[in-house]
């Protein structure tokens, strides 16, 4: 996105499967604030749930890590960046990674992945707001 977001909301959650409901609740609240309809909010929840679960199952560190989500509310879309994911869902040799990428691409309008300077990968997803 070129334009600055109207609002920025940041959350950090331990990569613990019990935290899935926290992500869903926070995402639903942010999606509502951004003006997404219920179907769009559900798509976003499904995409983040898949990314969170994929991150947990692929986690190789013995100590729990943190799942960071940046919600950037724009006038025409909700942009979400998850930081420092320890796995690459573009790895063609990983069946689970390909499945995760498939889900993200079906639910979101834009999906990209890039290296995070602090380690891991940032996954950038956008859901456009359709009004009416």
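Residue numbers (our numbering): 132 to 263.
Idealized CB from N, CA, C, for every residue including glycine.
The structure presented is a predicted model; accordingly, all values stated were derived computationally and were not measured.
| Query | Result |
| --- | --- |
| Which same chain residues, not among the five before or five after residue 199, have their C-beta less than 6 Å away from its C-beta? | 143 and 214 |
| Between the C-alpha atoms of residue 241 and residue 255, what's the straight-line distance to the nearest angstrom? | 8 Å |
| Assuming residue 239 and residue 257 form a contact by the criterion Cβ under 8 Å, report the distance between their Cβ atoms to the nearest whole angstrom. | 6 Å |
| By Cβ distance, which residues of its chain are closer than 6 Å to residue 159, with the 5 residues on each side in sequence left out? | 172 |
| For residue 135, count the other beta carbons within 10 Å of its own beta carbon; 16 or more makes it buried, fewer makes it exposed. Which is it? | exposed |
| Does the segment 140-154 come within contact of the segment 177-187, defined as at least 3 CB pairs closer than 8 Å? | yes |
| Determine the contact status of residue 253 and residue 205, defining contact as a CB-CB distance below 8 Å. | no |
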